[in-house]
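Let me begin by presenting the structure, written as structure tokens, before commenting on it.
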Amino acid sequence: MSAGVSIVGAGLSKFGRQPDKTGRDLALDAIAAALADAGLAWTDVQVAFGGSDGSGLADTLVADLGLTGIPFTNVKNGCATGGSALMSAVNAIRSGAAEIALAVGFDKHPRGAFDPRPEDWGLPAGYGEAGLMVTTQFFAIKIARYAREHGISRRTLAAVAEKAYRNGALNPNAWRRDPISAEEIAASDMVHDPLTRFMFCSPGEGGAAVVVASEAVAARLGRAVSLLGAASRTRRFGSFEVFSPSIQGSGRPSSVSADAAAAAFAAAGVTPDEVDVAQLQDTESGAEIMHLAECGFCKDGEQEAMIAAGETEIGGRLPVNTDGGCIANGEPIGASGLRQVHEIVTQLRGEAGARQVAGARIGFTHVYGAPGISACTVLGR
Amino acid sequence: MGRSLTGSRCRHCGNVAFPAARGCQSCGRSDQETLELGTRGTVWGYTVQRFAPKSPPYVVPEGGFVPFAVGYVELPEGVKVEAVLECTDFAELDGAAPVTLVATQPVPRFATEAARAAGLAGAAS
């Protein structure tokens with residue numbers, strides 16, 4: 088990466104149901120936490136980017152932050168909203184346009200949220216009438232095929248969710264803090280074969296914010312984490328995404344996550360085997376398993392043995408989703424990508440408490456969003 | 009209504025799309041011709057919708073909701089088309105099962121041999 092960029096502050100609101108707070112409140116909580124973490128004030132921020140999927144426009148937050156006149160751009164990129172906002176903030180620093188930039192993502196989804204309309208996805212109304220406008224069908228079809236091709240067992244799907252709840256129990260900010268056994272997860276209601284209810288994340292509530300800065304500013308503030316590489320991508324030809332009436336091309340679908348991860352690693356000059364702790368999009372158990380391979384951490388099918396050996400646990404070779412991921416924190420769409428970055432920053436600083444990965448020096452984040460967006464970062468201490 | 013799905017083929021690179029596309033996802037050219045797709049294919053991947061989707065937009069069939077399979081059918085042209093899959097047992101759909109188009113509206117619907125033999129298929133067409 089050319090001009091050095093550092094993360095100087097990261098903050099979260101509380102995650103999980105908060106009836107007394109609006110989505111904007113959660114964003115303001117996260118920004119206050121990130122600025123306090125950096126030792127900065129809102130008046131120090133020179134440019135900002137942010138968004139939510141369903142909780143309003145980020146640029147309206149200035150009404151409560153202070154009308155400083157800075158450029159504030161709204162971002163709306165599905166589950167990758169936070170990642171896209173961060174990329175924009177990073178590019179603002181790299182270009183020299185600013186020395187201190189803020190990225191924020193937030194959402195407050197009610198229970199059972201996500202009512203996609205066929206017309207918004209370029210599909211005839213018949214897809215809704217026939218019962219195909221159900222987001223989770225996509226994830227199930229993808230992991231069902233993958234599991235058959237590469238020998239991923241239902242026991243392994245349950246083990247991934249079990250780890251998420253166990254890590255969530257160690258994270259004071261998580262929504263789901265009660266461990267659930269793999270047996271109970273496997274025995275919960277089948278939603279879409281092979282995925283059961285407890286293997287999915289739920290629409291949730293939360294805000295996350297990250298402050299990035301030039302190396303000069305980072306040196307002055309201290310406690311900075313270096314952004315070694317970052318990349319965002321949209322899907323290439325042949326990808327398989329939610330609400331696709333077809334998958335074009337022949338052979339294996341392309342993967343936007345693989346493209347974004349490879350670009351982030353190349354920019355960082357780091358290889359996946361050097362990563363000490365990773366955050367991978369875990370919309371459901373299967374997604375974490377497939378993203379391990381798509382992001383370059385293993386070959387297809389190796390996850391079965393990796394997970395059985397505990398390699399993705401805290402204390403294992405490559406701890407994944409140490410904060411409990413989307414499964415334990417819920418999915419406030421706009422916030423999740425920056426929550427992931429917050430966790431890696433916390434781990435690399437050695438401030439993760441009961442869930443700390445000993446000696447973590449290099450971390451990785453991966454967010455994936457519909458319809459085929461991914462943003463990845465490689466962070467270093 | 010003819011019993012085939014209408015897609016398109018790119019006159020520049022030959023890529024086949026469903027539904028018919030204005031521009032080619034593979035090469036970006038706009039010169040597309042319509043194409044009637046083959047009516048037999050194999051199941052590429054599927055899941056089972058175990059709960060009734062939210063209504064609206066879902067229209068509950070007469071007699072009430074029953075779990076149904078949804079997935080992608082790989083057609084001879086290479087494109088994989090999302091469809092409701094008719095079968096007598098979900099296990100019939102495993103392992104690139106051959107299926108035949110039985111309806112095109114409101115969404116593509118394919119059936120296994122067993123479902124067609126049992127007279128289940130195409131009831132919704």
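In order, the protein sequence lines correspond to chains A and B.
Okay, so the first sequence: first residue is 88 according to our numbering, each after it adds one.
Okay, so the second sequence: first residue is 9 according to our numbering, each after it adds one.
Glycine included, C-beta positions come from ideal geometry on N, C-alpha and C.
Note that the coordinates shown come from a computational prediction; the quantities given were computed from them, not determined experimentally.
I need the boundaries of the alpha helix (DSSP H) containing residue i, first residue and last residue.
i, result
"Leu85 of chain A", "Here chain A has residues from 88 to 468 only, and residue 85 of chain A is not among them."
"Gly209 of chain A", "Run containing Gly209 of chain A: none; DSSP gives neither H nor E here."
"Gly192 of chain A", "Not the alpha helix (DSSP H): Gly192 of chain A falls in the beta strand (DSSP E), residues Ile187 to Lys195."
"Leu43 of chain B", "Premise fails: Leu43 of chain B lies in the beta strand (DSSP E), Gln40 to Glu44, not in any alpha helix (DSSP H)."
"Arg232 of chain A", "Thr222 to His237"
"Gly110 of chain A", "Gly110 to Ala125"
"Ser372 of chain A", "Ser372 to Glu381"
"Cys413 of chain A", "Gly412 to Asn416"
"Phe352 of chain A", "Val343 to Ala355"
"Arg181 of chain A", "Thr168 to Arg181"
"Leu128 of chain B", "Premise fails: Leu128 of chain B is in no alpha helix (DSSP H) and is neither H nor E."
"Gln390 of chain A", "Gln390 to Ala395"
"Asp151 of chain A", "Val149 to Leu152"
For chain B, check one thing: does any of its Cβ atoms lie closer than 7 Å to the Cβ of residue i?
i, result
"Val278 of chain A", "yes"
"Leu219 of chain A", "yes"
"Pro266 of chain A", "no"
"Met88 of chain A", "Only weak support exists for where Met88 of chain A lies, its pLDDT of 44 falling under 50; the value from the coordinates is given anyway. No, Met88 of chain A does not count as interfacial toward chain B."
"Pro458 of chain A", "no"
"Ser341 of chain A", "no"
"Gln470 of chain A", "Coverage of chain A is limited to positions 88 through 468, which leaves residue 470 of chain A absent and any answer about it impossible."
"Ile239 of chain A", "no"
"Phe324 of chain A", "yes"
"Ala245 of chain A", "no"
"Pro332 of chain A", "yes"
"Glu216 of chain A", "yes"
"Arg232 of chain A", "yes"
"Ala555 of chain A", "In the structure displayed, chain A extends from 88 to 468; residue 555 of chain A sits before or after that span and is not available."
"Gly209 of chain A", "no"
"Ala227 of chain A", "yes"
"Gly388 of chain A", "no"
Bridge partners of residue i, per DSSP?
i, result
"Leu93 of chain B", "B:Ala77 and B:Phe118"
"Ala318 of chain A", "A:Cys463"
"Ala365 of chain A", "A:Val407 and A:Phe451"
"Ile334 of chain A", "B:Lys88"
"Gly137 of chain A", "A:Asn161 and A:Val191"
"Tyr54 of chain B", "B:Gly79"
"Val24 of chain B", "B:Arg17"
"Gly424 of chain A", "DSSP output for Gly424 of chain A lists no bridge partner at all."
"Gly49 of chain B", "B:Val107"
"Ser326 of chain A", "A:Ser341"
Excluding the five sequence neighbours on either side, which residues of its own chain have a C-beta within less than 6 Å of the C-beta of residue i, listed in chain order?
i, result
"Ser100 of chain A", "Leu113, Asp116, Ala117, Gly293 and Gly294"
"Pro27 of chain B", "none"
"Asn416 of chain A", "Phe102, Ala261 and Trp262"
"Ser175 of chain A", "Phe136"
"Gly46 of chain B", "Leu83 and Pro84"
"Ala25 of chain B", "Gly15 and Ser16"
"Met377 of chain A", "Tyr233"
"Pro158 of chain A", "Val134"
"Leu128 of chain B", "Glu94"
Using beta carbons (cut-off 7 Å, strictly below), is residue i in contact with chain A?
i, result
"Ala125 of chain B", "no"
"Arg58 of chain B", "yes"
"Gly31 of chain B", "no"
"Phe118 of chain B", "no"
"Pro69 of chain B", "no"
"Val87 of chain B", "yes"
"Ala25 of chain B", "yes"
"Thr55 of chain B", "yes"
"Met9 of chain B", "For Met9 of chain B, the predicted model reports a pLDDT of 46, less than 50, meaning its position is unreliable and no value from the coordinates is stated."
"Pro84 of chain B", "no"
"Gly36 of chain B", "no"
"Glu90 of chain B", "yes"
"Pro106 of chain B", "no"
"Gly22 of chain B", "no"
"Ser16 of chain B", "no"
With respect to the beta strand (DSSP E) encompassing residue i, which residues constitute its N-terminal and C-terminal limits?
i, result
"Ser16 of chain B", "Thr14 to Cys18"
"Phe159 of chain A", "Phe159 to Asn161"
"Ala111 of chain B", "Pro106 to Ala111"
Please return the same chain residues whose Cβ sits closer than 7 Å to the Cβ of residue i, not counting the five positions on each side in sequence.
i, result
"Ile187 of chain A", "Leu127, Asp131, Val132, Gln133, Val298, Ala300 and Val304"
"Asn164 of chain A", "Ser171, Gly456 and Ile460"
"Val364 of chain A", "Pro406, Thr409, Ile431, Gln434, Val444, Ala447 and Gly450"
"Asp124 of chain A", "Gly96, Ala97 and Gly98"
List the residues of chain E that residue i touches, going by C-beta distances under 7 Å, in chain order.
i, result
"Glu375 of chain A", "In summary, chain E is missing from the structure at hand, where the protein chains are A and B."
Among residues of its own chain, excluding the 5 on either side of residue i, which ones have a beta-carbon nearer than 8 Å to its beta-carbon?
i, result
"Arg468 of chain A", "Val312, Ser313, Leu435, Arg436, Ala447, Arg448 and Ile449"
Which ranges would you report for the beta strand (DSSP E) in the region 242-321 of chain A if only whole runs of at least 3 residues count?
Here the runs fully enclosed are 277-279, 292-301 and 312-321.
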